[in-house]
Structures are given as structure tokens and as C-alpha cells.
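The opening residue of the sequence shown carries number 1 in my numbering; numbering runs sequentially from there. Don't be surprised by glycine CBs; every beta carbon is placed ideally from N, CA and C. Small disclaimer: the values here were computed from a predicted structure and weren't measured. Only one structure is covered here, and it is reproduced in the block below.
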Amino acid sequence: MATASAPTAGIPVGPGLSMFDPIFIGIDEFGQHVYITLAYRNLLAGGEPGGGKSGLLNTIAAHAALSVDSRLVLLDGKLVELGQWEDCADAFIGPDITAALDVLRRLQTVMNNRYAWLRAHGRRKVTALDGLSVITILVDEIAFYSATIGSKQEQEEFVALLRDLVARGRAAGIPVIAATQRPSFDIIPTSLRDLFGYRAAFRCTTPNSSNIVLGHGWAEQGYTATDIAPTNQGAAYLIAEGGTPRRIKVAYLDDAQIAGIADYATWTRRPTRLSAPTGTRVDWETAA
Numbered sequence: 001m002a003t004a005s006a007p008t009a010g011i012p013v014g015p016g017l018s019m020f021d022p023i024f025i026g027i028d029e030f031g032q033h034v035y036i037t038l039a040y041r042n043l044l045a046g047g048e049p050g051g052g053k054s055g056l057l058n059t060i061a062a063h064a065a066l067s068v069d070s071r072l073v074l075l076d077g078k079l080v081e082l083g084q085w086e087d088c089a090d091a092f093i094g095p096d097i098t099a100a101l102d103v104l105r106r107l108q109t110v111m112n113n114r115y116a117w118l119r120a121h122g123r124r125k126v127t128a129l130d131g132l133s134v135i136t137i138l139v140d141e142i143a144f145y146s147a148t149i150g151s152k153q154e155q156e157e158f159v160a161l162l163r164d165l166v167a168r169g170r171a172a173g174i175p176v177i178a179a180t181q182r183p184s185f186d187i188i189p190t191s192l193r194d195l196f197g198y199r200a201a202f203r204c205t206t207p208n209s210s211n212i213v214l215g216h217g218w219a220e221q222g223y224t225a226t227d228i229a230p231t232n233q234g235a236a237y238l239i240a241e242g243g244t245p246r247r248i249k250v251a252y253l254d255d256a257q258i259a260g261i262a263d264y265a266t267w268t269r270r271p272t273r274l275s276a277p278t279g280t281r282v283d284w285e286t287a288a
């Protein structure tokens with residue numbers, strides 16, 4: 001693989017970010033900055049196509065790519081929504097259910113190993129002082145892997161592995177950020193949705209779809225993503241654990257900005273990248 005050269009213009013070189021830092025994702029309806037902390041949280045984004053989910057995922061991917069303590073695992077069935085981050089990701093999975101299952105199994109092993117380490121040290125969660133990387137998992141379109149590609153058995157295994165990582169990964173430093181344009185009970189059952197500490201509902205066509213993302217009853221209280229105008233891309237209702245939905249406008253990075261950030265992030269990460277003969281760039285069990 002060719003060595004990346006340093007970016008020549010447009011990207012200021014500054015101190016590295018951390019996944020334990022608050023992540024800027026946009027502004028609320030009062031113009032206040034909105035931050036979330038994902039090191040110990042998971043995030044679910046749902047809504048109709050073109051609502052702005054990919055913008056949120058790319059904003060988070062940018063922070064993770066520039067974080068000195070983060071490693072990226074990207075699953076993108078369309079290849080293009082997260083594709084510009086491929087060179088700075090430790091694993092990039094496209095429309096391949098076999099590869100997706102392989103990387104999720106390996107992440108499950110890393111998670112189990114981290115919990116064994118925490119138990120041996122009398123600890124309950126990893127911290128920034130442990131020197132362990134936060135393995136940030138971004139999935140663009142859950143339904144592609146859970147209901148479209150592969151056999152029924154493979155789809156069910158994907159859902160089971162994803163649920164396990166969402167349920168247990170937080171304290172091990174393995175957050176999951178997932179998006180779907182099909183917010184329905186067969187794609188996002190309540191048992192899975194409630195495991196996500198942060199949930200963002202972009203424009204939905206029905207109050208039921210909005211409730212599936214945010215939680216039952218919010219649409220009836222006036223917090224429904226059906227009232228977001230189709231032309232208001234990037235607008236969403238964001239709910240945090242135990243909170244009230246908050247109307248926000250997600251920050252947007254255009255393709256040129258993503259390319260510049262990804263180029264710089266790739267350049268800073270190349271010296272420490274490990275190679276793996278399987279095509280996935282990192283030996284998780286050794287390097288996580």
C-alpha cells in the first residue's frame with residue numbers, strides 16, 4: 001500500500017481529539033451548540049432517505065478519524081456514504097455479509113477480552129488513562145445487513161452480534177453508531193432500540209416510525225419527526241437517556257471537506273497501521 005503524503009493545503013494541523021471528548025454534532029432550535037459524548041454511549045439514527053442521517057454519521061466519523069485514541073470500523077452497504085473514510089478505517093465492509101459477520105465476531109472477541117482485563121483489575125469500564133483505543137463502529141443502513149443481503153441465518157446472526165455489541169460494548173470502549181431508513185419493528189425491535197442511549201429521528205412519514213426511533217408515546221406528546229419539512233434536511237429530534245427530545249440541526253460536511261479531513265486523518269494514522277492478510281487491516285486481538 002502506498003504511503004500517504006501530508007496534505008498541502010486546507011487542513012490545519014492541531015492537537016489531536018479524543019473519543020472521550022464531547023462531539024459537536026450541530027445546533028438546536030435556539031442556536032445553542034449540541035454536543036454528545038459517545039465513548040460510553042451508542043447512537044441510533046432513523047428516518048426517510050435524504051433526511052440527513054449520513055450527515056450525522058459523517059460528522060461523527062470525522063471526529064473519530066481525528067481522535068488519537070479511536071479506531072474506525074465502518075459498515076456501508078452502498079459503499080459511498082462512508083466510503084471517503086475507508087483509508088483511515090481499520091476495517092471497511094461493503095455489501096458483503098460474510099465480511100460483516102467476520103468483523104463483528106472479532107469485535108465481540110475483543111470486547112470479551114477487555115472485560116476479562118477489567119475484571120482482573122477490579123474495574124467496571126475503560127477510561128482515557130488506560131491507553132486502550134475506542135473502537136468506533138459505524139453502520140450505514142442496518143436493514144441492508146439484517147434484512148436484505150445474505151441468508152436468513154446470516155441476517156439473524158448479524159442482528160444478534162450487533163445487539164450484543166450495543167448491549168455490552170459501551171463500558172469496553174466499543175460504541176455503535178447505526179442508521180436506518182426503514183424504522184420499523186422488524187428492523188429496530190424495541191429490545192434493540194432501548195439499548196441506544198442516543199436516538200435521532202430525522203423526517204419520518206408516519207408518527208409510528210418516529211416513535212420506533214424515539215420511543216413509544218413521544219409523537220402523541222408533540223415530538224414527532226413527521227412535522228419536519230422534506231426540504232429541511234439535517235433536522236431531527238434527538239433524545240438522550242431519560243431526557244426529552246430536542247429539535248436539532250445536524251452539522252453538514254460536504255464532499256470536499258470530508259475528503260480534506262479524511263486525507264489528513266489518513267496521513268496521521270498511516271505510521272501506526274498494522275496489516276492483516278485477510279483484507280481487514282488490523283489484528284484486533286493483538287492491537288485493540
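CA-to-CA, the gap between residue 202 and residue 140 works out to about 14 Å. Here residue 46 carries a strand assignment [DSSP, helix/strand/coil].
Residue state for residue 158 is assigned as helix, using DSSP reduced to three classes.
Contact between residue 64 and residue 19 holds: CB atoms are separated by about 6 Å, below the 8 Å threshold.
Here the alpha carbon of residue 78 sits roughly 12 Å from the alpha carbon of residue 54. Apart from sequence neighbours up to five positions away, the residues of its chain that approach residue 108 with a beta-carbon distance below 8 Å are 161, 164 and 165, ordered along the chain.
Proximity of the stretch 81-94 to the stretch 203-219 falls short of the contact definition, fewer than three beta-carbon pairs being nearer than 8 Å. Among the bridge pairs identified by DSSP, residue 28 is matched with 248.
Within the same chain, 33, 35 and 251 come within 7 Å of residue 24 by CB-CB distance, once the 5 residues on both sides are set aside.
DSSP places residue 144 in the helix class (H, G or I) of the three-state scheme.
Remark: C-beta atoms of residue 45 and residue 75 do not approach each other more closely than 7 Å. CA-CA distance, residue 263 to residue 168, rounds to 32 Å. In this structure residue 120 is exposed. Its beta-carbon is surrounded by fewer than 16 other beta-carbon atoms within 10 angstroms.
Spatial neighbours of residue 261 in its own chain (CB-CB distance under 6 Å, excluding positions within 5 residues in sequence) are listed in chain order as 62. The shortest C-alpha to C-alpha distance from residue 258 to any of 40, 81, 41 and 175 is the one to 81.
DSSP lists 140 as the bridge partner or partners of residue 76. Straight-line measurement puts the Cα of residue 158 at about 18 Å from the Cα of residue 170.
Taking a cut-off of 8 Å on C-beta distances, the stretch 181-194 does not touch the stretch 228-238, as fewer than three cross pairs fall below it.
If you look at residue 34, you'll find it in the beta strand (DSSP E) that goes 33-36. Taking each of 84, 212 and 110 in turn and checking the Cα distance to residue 254, the smallest one comes out for 84. Looking only at 148, 98 and 132, the smallest Cα-Cα distance to residue 113 is reached by 132. Between the beta-carbon of residue 173 and that of residue 135 there is about 7 Å, and that keeps the pair under the 8 Å contact cut. The shortest C-alpha to C-alpha distance from residue 37 to any of 51, 175, 72 and 212 is the one to 175. Taking 7 Å as the cut-off, the Cβ atoms of residue 154 and residue 228 do not count as close. Pairing residue 199 with residue 186, the inter-Cα distance amounts to about 17 Å.
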